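Structure, as structure tokens:
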Amino acid sequence: MKQVIKVIIPAQNEENAVGLVIDEIPKDFVDEIIVVDNGSTDETFKIAEDAGATAITESQHGYGKACLTGIEYALKNDPRPDIIVFIDGDRSDYPDQLPKLVKPIINNEVDFVIGSRAKGNKEDGSMTFPQVFGNWLATTLLRWFYGAKFTDLGPFRAIRTSSLIALKMRDEDFGWTVEMQIKAVKKGLRYLEVPVNYRKRIGFSKISGTIKGTLSAGYKIIWTIIKYL
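Numbering (the numbering used here), first residue to last: 8 to 236.
Here it is in structure tokens:
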């Protein structure tokens, strides 16, 4: 039986990229694309709608908050998804690689798949040194403290809906991705990393584009890793 797949795209001021991301998602694999406009001051919402996505709003800023709002919408509207995919709205990921993430779940091989930028091909300049170092540090701590075999905290990821619900996600900002990975390990989910490619984002990064954003994200990620010990 065909699996129902919904894609959630958290987006804040991504008017130049979000339409391209939507266009490049393989529609034969996906039942609904949900763009969560996270307090944008540009045309992100309208462009997402015009591109054929379901656009909703979440005025409270925060990556995790936008994801939580997208999940709530996806679960309360038919058809209920079997798999939920998360991808950023800045076109740094390659949406056409989505089948690589969902097929292992469809085939019941795993419950959770992360697109690993560390295992794929990265365009020069697509990740800053603090991003690369931060990923290395976070995944090293995850291995030491939790025995987790991750190489990345990549935002491009897919998870079985029942497994996602069981994780009881809470984080509303920078700790979202690592919280999911920690809880997946603690819950005993079957997980897998698949190589994905990565390119320079369109527009300005709210996190890696500023010193404050980089430090805030790094602090929150490390705090989250310690919090769940």
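From the three backbone atoms N, C-alpha and C, an ideal C-beta is built for every residue, glycine too. Note that this is a predicted model, so its numbers are computed, not measured.
- As a beta-bridge residue in DSSP terms, Lys129 pairs with Tyr205.
- Pairing Val192 with Phe163, the inter-Cα distance amounts to about 18 angstroms.
- With respect to the 8 angstroms criterion, Val201 and Ser123 are classified as neighbours on the basis of their beta carbons.
- Secondary structure within the segment 71 to 131: the beta strand (DSSP E) runs of 3 or more consecutive residues, fully enclosed, are 90 to 93 and 119 to 123 (chain order).
- In the structure shown, Glu39 adopts extended strand secondary structure according to DSSP, grouped into three states.
- With fewer than 16 other Cβ atoms from the protein chains shown falling within 10 Å of its own Cβ, Ser169 counts as exposed.
- Under the Cβ criterion (8 angstroms, minimum of three pairs), the segment 104 to 120 does not count as touching the segment 38 to 56.
- Taking 8 angstroms as the cut-off, the beta carbon of Leu149 is found no closer than this to the beta carbon of Ile78.
- The criterion of a C-beta distance shorter than 8 angstroms is satisfied by Ile40 and Ile16.
- Annotation for Ala173: no beta strand (DSSP E) segment contains it, though the alpha helix (DSSP H) segment containing it runs Thr168 to Leu174.
- Counting along the chain, the unbroken alpha helix (DSSP H) around Ile54 starts and ends at Thr51 to Asp57.
- Within the same chain, Ile232 and Leu236 come within 7 angstroms of Phe152 by CB-CB distance, once the 5 residues on both sides are set aside.
- Assigned with DSSP and collapsed to three states, Tyr235 falls in coil, not helix or strand.
- In the three-state scheme derived from DSSP, where H, G and I count as helix and E and B as strand, Asp30 is classed as helix.
- In terms of Cβ geometry, Ile12 and Asp97 do not form a close pair [threshold 8 angstroms].
- Close CB contacts of Tyr226 within its chain, under the 7 angstroms cut and outside five residues either way in sequence, are absent.
- Beta-bridge pairing by DSSP links Pro17 to Val43.
- In the three-state reduction of the DSSP assignment, Glu200 falls in the strand class.
- The C-beta distance from Ile54 to Glu31 rounds to 14 angstroms, too long to fall under 8 angstroms, and the pair is not in contact.
- Taking the CA atoms as reference points, Gln188 sits about 31 angstroms from Ala58.
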